[in-house]
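Report on the structure given below.
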Amino acid sequence: MRIDTLMSAASLGAASLITGPTPANEVASYCFAIRPYRVTCTGSIRIGSQSYPVSIASRSPTRLFTLKLKPLSEKRKLGCWATGGMPKAPDCDGYMRSQTADMQVWHVNMVRALHSASIEIGDIDMHYDRIYRLVSVCCVNMWTTDVAASWPGRAVRIGDIRHSLMCGPAKDFRDDWARECRATFPTAIESNECTLEPEPEEDDEVPPPPDRPTTPPATMSWEVFGHSGTCTWRKKSVAVQRQ
Numbered sequence: 001m002r003i004d005t006l007m008s009a010a011s012l013g014a015a016s017l018i019t020g021p022t023p024a025n026e027v028a029s030y031c032f033a034i035r036p037y038r039v040t041c042t043g044s045i046r047i048g049s050q051s052y053p054v055s056i057a058s059r060s061p062t063r064l065f066t067l068k069l070k071p072l073s074e075k076r077k078l079g080c081w082a083t084g085g086m087p088k089a090p091d092c093d094g095y096m097r098s099q100t101a102d103m104q105v106w107h108v109n110m111v112r113a114l115h116s117a118s119i120e121i122g123d124i125d126m127h128y129d130r131i132y133r134l135v136s137v138c139c140v141n142m143w144t145t146d147v148a149a150s151w152p153g154r155a156v157r158i159g160d161i162r163h164s165l166m167c168g169p170a171k172d173f174r175d176d177w178a179r180e181c182r183a184t185f186p187t188a189i190e191s192n193e194c195t196l197e198p199e200p201e202e203d204d205e206v207p208p209p210p211d212r213p214t215t216p217p218a219t220m221s222w223e224v225f226g227h228s229g230t231c232t233w234r235k236k237s238v239a240v241q242r243q
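Residues 1 to 243 in full-length UniProt numbering are what the sequence shown lists, from first letter to last.
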């Protein structure tokens, strides 16, 4: 089952649509939102001489964040930032893909690891605690997507969100288990066997956009709403395309 992942993108402000010389400090900003859902990914991992079936379930909360492009900056030229109080934005990295006299098109990859809500491991006769700890530290569900965004901010093209279970060296951990991860998974392994289902929105999360149906459709969909100055929902749609 695929999810009604409600992810939207909008261009901030009309100033970026003005033709002519582009100020060096101009920023193209795009607002993204993902509605809450649950994803369960399964795979098989090998620890020592034994293979184990693994299932990890994660919940992705409502996420509201902004992608900003500032190619003429001498420092960071692009990045993603969460709206105040929202969960972390994805890690964003990219490069300029094409350029014309009045526009650049940037390819941006977004990646976000999801907190593991539950872990199931089958066929374990012994050493369960150690293997469970290895999986909980070294393995994670994550999503990634590719975005093409213009600078100045005129339109954005959004790809499908791809989910996977990834086990790897866990370089972000600083305890002794980081060495265990590197020893167990010297190179990352990945499984794309994932199922998704929608979750109800909590009262303290971002309210649904105006006129949104209360019953989500059965397939993944995208909705776009304009906003002014801040990354918040409004009714007016802006230019967006699916890849």
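Even glycine gets a Cβ: it sits at the ideal position worked out from N, Cα and C. A quick note: this is a predicted structure, and the numbers were derived from the prediction, not measured.
Self-check item: From Arg-179, Ser-29, Glu-74 and Asn-192, residue whose alpha carbon lies closest to that of Arg-133
Solution: In the sequence shown, the residue the question calls residue 133 occupies position 133. With distances taken between Cα atoms, Arg-133 lies closest to Arg-179.
Self-check item: C-beta contact flag for Asp-91 and Met-110 at 9 angstroms
Solution: Here residue 91 corresponds to residue number 91 of the sequence shown, with the count starting at 1. Here residue 110 corresponds to residue number 110 of the sequence shown, with the count starting at 1. Contact flag set, yes.
Self-check item: Cβ neighbours of Ala-117 in the same chain (closer than 7 angstroms, five flanking residues each side left out)
Solution: If you number the sequence shown from 1, residue 117 lands on position 117. The residues are Ala-57, Ser-58 and Arg-59.
Self-check item: beta strand (DSSP E) segment containing Thr-144, residue limits
Solution: Numbered from its first residue, the sequence shown carries residue 144 at position 144. Here the beta strand (DSSP E) through Thr-144 covers 139 to 151.
Practice problem: For Lys-77, I'd like the list of residues in its chain whose CB is within less than 8 angstroms of its CB, leaving aside the five on either flank, ordered along the chain. | Solution: Looking up residue 77 in the sequence shown gives position 77. Around Lys-77: Leu-69, Lys-70 and Pro-71.
Quiz item: Can you tell me the Cα-Cα spacing of Gln-99 and Gly-159, whole angstroms?
Solution: Locating residue 99 in the sequence shown gives position 99, where the first residue counts as 1. Locating residue 159 in the sequence shown gives position 159, where the first residue counts as 1. Cα to Cα, the separation comes out at about 20 angstroms.
Self-check item: Close-in-space but distant-in-sequence residues of the same chain around Gly-43 (CB under 6 angstroms, 5 per side omitted)
Solution: As a working mapping, residue 43 is identified with position 43 in the sequence shown. Excluding positions up to five away in sequence, the list reads Val-54, Leu-165 and Ser-191.
Quiz item: Is Val-135 helix, strand or coil when you go by DSSP?
Solution: Here residue 135 corresponds to residue number 135 of the sequence shown, with the count starting at 1. It is helical.
Quiz item: Residue range of the alpha helix (DSSP H) that Glu-180 falls in?
Solution: Taking the sequence shown and counting its residues from 1, one reaches residue 180 at position 180. Run containing Glu-180: 177 to 184, per the alpha helix (DSSP H) assignment.
Quiz item: Is it right to say His-115 is buried, meaning 16 or more other beta carbons lie within 10 angstroms of its own, or is it exposed?
Solution: In the sequence shown, residue 115 corresponds to position 115, counting from 1. Exposed is the call here.
Self-check item: Span separating the alpha-carbon of Phe-65 from that of Gly-84
Solution: Within the sequence shown, residue 65 is the residue found at index 65, counting from 1. Within the sequence shown, residue 84 is the residue found at index 84, counting from 1. Cα to Cα, Phe-65 sits roughly 9 angstroms from Gly-84.
Quiz prompt | Element boundaries [beta strand (DSSP E), containing Glu-74] | solution = Within the sequence shown, the letter at position 74 stands for residue 74. Looking at the DSSP string, Glu-74 is not in any beta strand (DSSP E), and its letter there is neither H nor E.
Practice problem: Could you spell out where the beta strand (DSSP E) holding Pro-199 opens and where it closes? | Solution: In the sequence shown, counting from the first residue as 1, residue 199 sits at position 199. Note that residue 199 is Glu in the sequence shown here, rather than Pro. Neither: Glu-199 is in no beta strand (DSSP E) and is coded neither H nor E.
Quiz item: Which stretch, first to last residue, makes up the beta strand (DSSP E) that contains Arg-157?
Solution: Within the sequence shown, residue 157 is the residue found at index 157, counting from 1. Segment 156 to 158, the beta strand (DSSP E) holding Arg-157.
Quiz item: Can you name, in chain order, every residue of its own chain whose Cβ lies under 8 angstroms from the Cβ of Glu-199, other than the five neighbours on each side?
Solution: In the sequence shown, counting from the first residue as 1, residue 199 sits at position 199. For Glu-199, where only same-chain residues beyond five positions count, the Cβ hits under 8 angstroms are Pro-36, Tyr-37, Arg-38 and Arg-59.
Quiz item: Alpha carbon to alpha carbon, how far is Cys-231 from Gly-153?
Solution: Here residue 231 refers to the residue found at position 231 when the sequence shown is read from its first residue. Here residue 153 refers to the residue found at position 153 when the sequence shown is read from its first residue. Each residue's Cα considered, the two are about 15 angstroms apart.
Exercise. Use the C-beta contact count for Ala-101: other C-beta atoms within 10 angstroms, 16 or more gives buried, fewer gives exposed.
Key: In the sequence shown, counting from the first residue as 1, residue 101 sits at position 101. With fewer than 16 Cβ atoms within 10 Å of its Cβ, Ala-101 is classed as exposed.
Quiz item: Going by beta carbon distance, what residues of the same chain come within less than 8 angstroms of Gly-79, once the five residues before and after it are set aside?
Solution: Against the sequence shown, residue 79 aligns to sequence position 79. For Gly-79, where only same-chain residues beyond five positions count, the Cβ hits under 8 angstroms are Leu-67, Lys-68 and Cys-92.
Quiz prompt | Residue(s) in a DSSP beta bridge with Glu-193 | solution = As a working note, residue 193 is residue 193 in the sequence shown. Answer is Thr-42.
Practice problem: Could you spell out where the beta strand (DSSP E) holding Met-86 opens and where it closes? | Solution: Along the sequence shown, one-based indexing puts residue 86 at 86. Unbroken run through Met-86: none, as it is neither H nor E.
Practice problem: Drop a sphere of 10 angstroms on the beta-carbon of Tyr-30, count the other beta-carbons inside from all chains shown, and report buried for 16 or more, exposed for fewer. | Solution: For the purposes of this step, residue 30 is identified with residue 30 of the sequence shown, where counting begins at 1. By the neighbour-count rule (16 or more Cβ atoms within 10 Å), Tyr-30 is buried.
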